[in-house]
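Residue numbers (the numbering used here): 3 to 515. Read through the structure below, which is laid out as structure tokens, and then see the notes.
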């Protein structure tokens, strides 16, 4: 038996008191006042933050949206089964965030970053808040590098630069998603990570898009963020912000170029309207809440070309908006047009007349991309837009069947062949050198004696011939993007030789520059 002296006992007690740590932690707990339609009103969380995640008794998370004087309006991120009046709610002290990092590449996830592709959990410790402040002017750099879509009409007349926000707008079933998917497919080997955000789409549509991307090898550098039409409006609202957070991690930390497609922001605005009305926020025009402009502006402003000090990465945004009966002056279309750096307008009439992609060149514009366009394409495509505008005007007079002089007939013939040249099948993007060859032949009036129905095949065969016979010229365009006098001369010789082989006389104005 050990006998301790009184002073030793007091010493031990003193040490134990000094080493004692208070492990109890105060928790702020609230209670549900009412719940229903994916919305819960909570009392008692007076220090709750906007967008903070709250934890309910049934294990479901919610996101605080309305911070009122005596209660909190919270949107649920799961089922309200098991939640009732009086249920306890705990603060998490964290705002909504998603897992990020290159481990997500090749995966299909929901807006919370949970996998939907059955390929196991996503192992990453990196998370990023879904809401994040857009980079300021000092942190940005001018758009100076093209993002090739592989679509001739876009790359020649409505070019997109890395870091730009280009809106794709048109009625339903006019090929908006097709343009976005073709652009993603064309990024193969371009060191661009692509993120496709589906908002309120049919699950079958999303599955078919994933299948197309897998068949073309595009899932190797793509992430799909999927919120289907059957998902809660909360998840549809979160989807684009979650996709943007994933893109920002790759841009800021990975110094990568990222392409993000929001398909589509019309459904996103509708989901937000539903949430806002359920939260009893005052409705404005067309029942949308007053901050619906800020909803999209704070999202699209996060697309940027970063300065060299921040690594020079970029996010290029391709938001999609669906119009009703071609009405560009509706509330959401005008909002997003004013936020973006240009738009590609797709027209139903052109689509059904067989002009695909059905781009209305007159109403489409790129306010930035011209500064980043490949010089050779920019030079050779310069007369294209004005020639098509003149053709549209003349075509109206030609309908009356009046006699036309030779120059007018030639302009109509040339216009028909330019339109035929701009037709392009889906999933068949063109490389820079192929675009250059096709545009050079078309704008230099080399197709005047080719029947319109044969133009597409002629262009295809011409590209194969030039690549085979003049690889030096093709490599010059591919590597430098510049149209050198030697390259121009070789191309002129190549077209001349190809047309002779086809036993077709030369175009009237082959030598015109």
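Think of the CB as a built atom: it goes at the ideal place given N, C-alpha and C, for glycine as much as any other residue. As the structure is a prediction and not an experimental result, all values here were calculated from the model.
Contacts around residue i, its chain only, beta-carbon distance under 7 Å, and the 5 residues preceding and following it disregarded
i	result
residue 75	41, 43, 67, 68 and 281
residue 298	267, 337, 338 and 341
residue 90	31, 33 and 59
residue 246	262, 301 and 304
residue 25	The pLDDT assigned to residue 25 is 45, lower than 50, so where the model puts this residue is not dependable, and the model offers no usable value.
residue 406	400
residue 435	476, 479 and 480
Counted within 10 angstroms of its Cβ, other Cβ atoms place residue i as buried (16 or more) or exposed
i	result
residue 111	buried
residue 238	buried
residue 61	exposed
residue 139	exposed
residue 438	buried
residue 427	exposed
residue 121	exposed
residue 391	exposed
residue 71	exposed
residue 229	buried
residue 459	exposed
residue 64	buried
residue 311	exposed
residue 358	buried
residue 27	Confidence at residue 27 is low in this model, with a pLDDT of 47, below 50, so the placement of that residue should be treated as unreliable; the coordinate-derived value is given next. Classification of residue 27: exposed, given that the 10 Å Cβ count is below 16.
residue 223	buried
residue 285	exposed
residue 233	buried
residue 146	exposed
residue 130	buried
residue 395	exposed
residue 135	exposed
Inter-residue CB distance, residue i and residue j (contact presumed, cutoff 8 Å)
i	j	result
residue 307	residue 143	5 Å
residue 335	residue 323	5 Å
residue 212	residue 183	Their Cβ separation, rounded to whole angstroms, is 11 Å, which puts residue 212 and residue 183 out of contact at 8 Å.
residue 257	residue 315	5 Å
residue 454	residue 419	6 Å
residue 179	residue 152	No, residue 179 and residue 152 are not in contact; Cβ-Cβ is about 15 Å, not under 8 Å.
residue 244	residue 227	6 Å
residue 200	residue 265	6 Å
residue 412	residue 450	7 Å
residue 378	residue 483	6 Å
residue 288	residue 333	5 Å
residue 445	residue 385	6 Å
residue 51	residue 97	7 Å
residue 236	residue 78	7 Å
residue 117	residue 124	6 Å
residue 231	residue 202	5 Å
6 Å Cβ shell around residue i - same chain, five flanking residues per side excluded
i	result
residue 160	346, 366 and 368
residue 126	101, 103 and 105
residue 350	173 and 176
residue 37	82 and 85
residue 352	360
residue 472	492 and 496
residue 278	291
residue 39	280
residue 252	195, 258 and 260
residue 468	439 and 496
Residues bridged to residue i (per DSSP)
i	result
residue 161	Looking at the DSSP assignment, residue 161 forms no beta bridge with any residue, so it has no partner.
residue 90	33
residue 58	91
residue 196	224 and 261
residue 45	33
residue 276	Per DSSP, none; premise fails for residue 276.
residue 97	54
residue 68	75
residue 319	167 and 262
residue 148	163
residue 214	According to DSSP, residue 214 bridges with nothing at all.
Cβ shell of residue i (< 8 Å), same chain only, five flanking positions each side left out
i	result
residue 88	33 and 34
residue 470	none
residue 148	157, 161, 162, 163, 164, 371, 374, 375 and 376
residue 154	423, 424, 426, 432, 437, 440 and 441
residue 217	none
residue 462	none
C-beta neighbour in chain B for residue i, strict 8 Å
i	result
residue 334	Among the protein chains of the structure shown there is no chain B, as only one such chain exists.
message: Is it the case that the region 162 to 171 contacts the region 342 to 349, given that we only count it when at least three CB pairs across the two stretches are under 8 Å?
response: The region 342 to 349 is in contact with the region 162 to 171.
message: Under 8 Å, with one C-beta from each stretch per pair, do the region 384 to 404 and the region 190 to 198 reach the 3-pair mark?
response: No, because fewer than three Cβ pairs between the region 384 to 404 and the region 190 to 198 fall closer than 8 Å, the two stretches do not touch.
field: Three CB pairs or more closer than 8 Å across the region 411 to 427 and the region 465 to 481
entry: Not touching, per the Cβ criterion.
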